[in-house]
């Protein structure tokens, strides 16, 4: 049985991908329960009744729902102009956690009052309460609301959606939608639903006439052409869908709406088999707008490229560029190559490029020959020279030579001398990398930036492994790891993290292991990365309050599985983390991505499970409303 959380005041959509430019407008007006809209309509006619709202909200906070219902009924009986505010209070009660937990009690209490007063607000509220549980009963109440207020557009809209999507009573849905189109000739959603009703009834000519009617109504409006395109999509005429979206793009429209329409045109071109035209449009969408359309365009673009084999060519091109650019840009290109490969999910191609078995992780790239200076044997420093004094000399350019500093550092570490000073010495070499032209002494040549960095990370590495409990050990280890990565030596970075993780306090050790797993994933070593995260997760599970490191481990696992296309496993880890860390918005964002992926793979039960968990973890927030909206869309697509 559907969860009561799906009672959202959201216009049900059959397919998000056909909504086009009106999706953002509908989401804004529909998904936040309609309360702001209701109050906005009322304030244009009558000032907000402060006493009614104050008293009603106080009763709701005190869980006195019977008294709050009585207050609403008394206000409706008085025939005042405050009905929209009364409906707002009713909606607040509908979404109260106590009512959601036991909706039947609230339904019975409200149905008792129906005999006392027949008002569309009460009927609509009862209809929405019954919708996820008892569709025939919900339709009955919306029809009663329509008898009392025949021209109420909200009731017509909700009733039309229920008749078409849930009850599949297409003839009645068409009649209701015809009334709505007559009342609201600019309502593009009503046009599309009416056309779908005609298609289901075999009235193709009427659907085509409806498309022409939309074009005749506003021939210079882009929305008229997007409506016509949606109608012909329902009719299955792919060429006309492409034609109308092309014409829509010739009309003036806001930039975000233009990006959404470009996505719809690209989708139509792909469905029509015109892949060469669809691909650049998808790419343009990813670069010009954000949100769902951009994410879906990225997903479809990756799929097209996988089919055409272009991903392999682009990776080869990036590898060539990576080999020729200056080292300062190498990190950026490496990230770009990784992001492209991850987005396209081409682990098999990366494995082939590395000439390894596709079922195994590719090896890490070999270290550059100059990534680490040759370590000299430990040597005692000059009499009286301390690590912090040596750091001062490095900053000022007075010396010493890097090889001497390395030899002295080994000696200081063996004797456990001034760890704070050794940390300062490592920092000094990193700082000098920013001004590599400064000479050590007049008699010595300049040292390159790479030279300063190599000595800095060598000292930082020795320090982190020798003094893992020191407050500056982990920051220096992180700096050395980032430096190794930028220098193209991920194996050195992983080696340092592994050594540090064996000696550091548990919290820092967990972070080091997570960082190593992240580096492996960035270089295609998915199996090892997941295995390390799972091992860390097992070691961190404790009966007491969850730790931040546990959250990081679960999040990393969920993200890795999601990126690799294993949605069910990603869902399990993500919902676990969402329950343990409800205030961390990363979990909510990832859960939405997983839920939407299930939605578009037509996995109704999985999508429903994810969106319901999001709503429960974000009660009484706009995020809950968005999740409820997706839940409603999941139920609306149940007939597909």
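Numbering (our numbering), first residue to last: 4 to 643. Built from N, CA and C at the ideal position, the CB exists for glycine as well. Nothing here was measured: the structure is a model prediction, and the numbers come from that model.
Proximity of the region 199-216 to the region 165-184 meets the contact definition, three or more beta-carbon pairs being nearer than 8 Å. DSSP places residue 523 inside the alpha helix (DSSP H), whose first and last residues are 509-525. Rounded to whole angstroms, the separation of the alpha carbons of residue 608 and residue 586 is 25 Å. In this structure residue 269 is in contact with residue 284, their Cβ atoms being roughly 4 Å apart against a cut-off of 8 Å. For residue 581 and residue 129, the gap between their C-alpha atoms comes out near 32 Å. Where residue 616 is concerned, the enclosing alpha helix (DSSP H) starts and stops at 607-620.
In this structure residue 555 is buried. Its beta-carbon is surrounded by 16 or more other beta-carbon atoms within 10 angstroms.
Around the C-beta of residue 282, 16 or more other C-beta atoms lie within 10 Å, and the residue is accordingly described as buried.
Boundaries of the alpha helix (DSSP H) around residue 396: 390-399.
Between the region 426-434 and the region 469-479 there are three or more inter-stretch CB-CB distances shorter than 8 Å, so the stretches are counted as touching.
Here residue 504 carries a helix assignment [DSSP, helix/strand/coil]. Rounded to the nearest whole angstrom, the CA to CA distance from residue 159 to residue 180 is 7 Å. Taking 8 Å as the cut-off, the Cβ atoms of residue 613 and residue 574 count as close. For the 8 Å CB-CB criterion, residue 557 and residue 579 form a contact. Approximately 11 Å separates the beta-carbon atoms of residue 96 and residue 89; this is outside 8 Å, ruling out the contact. According to the DSSP assignment, residue 158 belongs to the alpha helix (DSSP H) that extends over 156-164. Rounded to whole angstroms, the gap between the alpha carbons of residue 247 and residue 628 is 33 Å.
Here the C-alpha atom of residue 383 lies approximately 27 Å from the C-alpha atom of residue 482.
Apart from sequence neighbours up to five positions away, the residues of its chain that approach residue 621 with a beta-carbon distance below 8 Å are 585, 591, 627 and 630, ordered along the chain. Nearest in C-alpha terms to residue 110, of all of 144, 233 and 81, is 144.
In this structure, DSSP gives residue 121 a state outside helix and strand, which the three-state scheme calls coil.
Residue 133 sits buried, since 16 or more C-beta atoms from the chains shown fall within 10 Å of its C-beta. For residue 256 and residue 225, the gap between their C-alpha atoms comes out near 7 Å. By a beta-carbon distance limit of 8 Å, residue 455 contacts residue 432. Their separation comes to about 5 Å.
Residue 128 carries a helical assignment under DSSP once its states are collapsed to helix, strand and coil.
Counting only residues of its own chain and dropping the five nearest sequence neighbours on each side, residue 227 has a CB closer than 7 Å to the CB of 217, 218, 220 and 221. Of the residues assessed, residue 405 falls on the buried side of the cut-off, its CB having 16 or more other CB atoms within 10 angstroms. Shortest Cα-Cα distance from residue 392 to any of 369, 421 and 371 involves 421. Annotation: the continuous alpha helix (DSSP H) that includes residue 278 extends over 278-291.
Distance from the CA atom of residue 407 to the CA atom of residue 458, rounded to whole angstroms, is 11 Å. Judged by DSSP in its simplified three-state form, residue 91 adopts helix. If you look at residue 579, you'll find it in the alpha helix (DSSP H) that goes 570-583. According to the DSSP assignment, residue 242 belongs to the alpha helix (DSSP H) that extends over 241-251. Residue nearest to residue 512 within the set 480, 154 and 526 is 480 (criterion: CA-CA distance).
With distances taken between CA atoms, residue 533 lies nearest to 560 out of 514, 560, 157 and 62.
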